[in-house]
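Residue numbers (this note's numbering): 233 to 410.
Given below as structure tokens:
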């Protein structure tokens with residue numbers, strides 16, 4: 233796939249976002265993805281996986297024969313499923329708003345799925361907060377690098393006794409004073 237196709241064009245779709253979220257730090261077969269996303273039809277899932285593979289967001293890390301068919305195992309590829317600042321800057325206002333609303337919609341849908349599951353013990357993992365920061369672009373780079381390093385040990389799905397939680401970050405600049 234050429235780099236001219238923006239990552240945002242590929243990943244900012246509700247089903248694709250959910251696939252990417254499931255694969256964060258994991259390797260999963262299509263069958264495992266189907267179990268994790270039971271509300272997504274098989275044909276839809278395959279179509280969106282293909283689009284993510286074509287965009288090099290997902291890569292095939294394994295193949296094995298199962299009942300005469302080839303079962304593939306996927307992981308996130310080198311081309312991170314992250315919309316870079318230059319891509320965000322190149323979007324017009326309507327595209328930026330649409331991308332942001334799509335992202336927020338998936339966060340809200342994840343909360344709805346959590347609530348619908350009726351998991352009272354899961355509430356001890358739930359939290360949301362907002363805090364103002366006063367940063368330069370250099371400060372922001374240091375913070376982002378620090379968070380990446382801090383969170384790295386917790387991305388391993390094989391940690392005994394661990395439970396998956398999604399940590400969502402949004403950086404929203406305050407409006408400049410008039």
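Even glycine gets a Cβ: it sits at the ideal position worked out from N, Cα and C. This structure is a prediction, so every number in the text was calculated from the model and none was measured.
| Check | Outcome |
| --- | --- |
| Residue closest to residue 318, alpha-carbon to alpha-carbon, out of 357, 239, 249 | 239 |
| Residue(s) in a DSSP beta bridge with residue 357 | Residue 357 is not bridged to any residue. |
| Alpha helix (DSSP H) segments (min. 4 residues) lying fully within the segment 269-331 | 274-286, 317-322 |
| Touching by the beta-carbon criterion (3+ pairs, under 8 Å), the segment 262-269 and the segment 348-360 | no |
| Residue 248 vs residue 275 beta-carbon contact at 9 Å | no |
| Of the listed residues 347, 361, 362, nearest to residue 355 (C-alpha basis) | 347 |
| Nearest residue (CA-CA) to residue 304, options 262, 288, 408 | 262 |
| Range of the contiguous alpha helix (DSSP H) that encloses residue 259 | First-last for residue 259: undefined, no H or E at that position. |
| Straight-line Cα distance separating residue 403 from residue 255 | 23 Å |
| Beta-carbon separation (whole angstroms), residue 306 vs residue 290, contact threshold 8 Å | 5 Å |
| Alpha-carbon to alpha-carbon, residue 302 and residue 296 | 6 Å |
| C-beta atoms of residue 277 and residue 251 nearer than 9 Å | yes |
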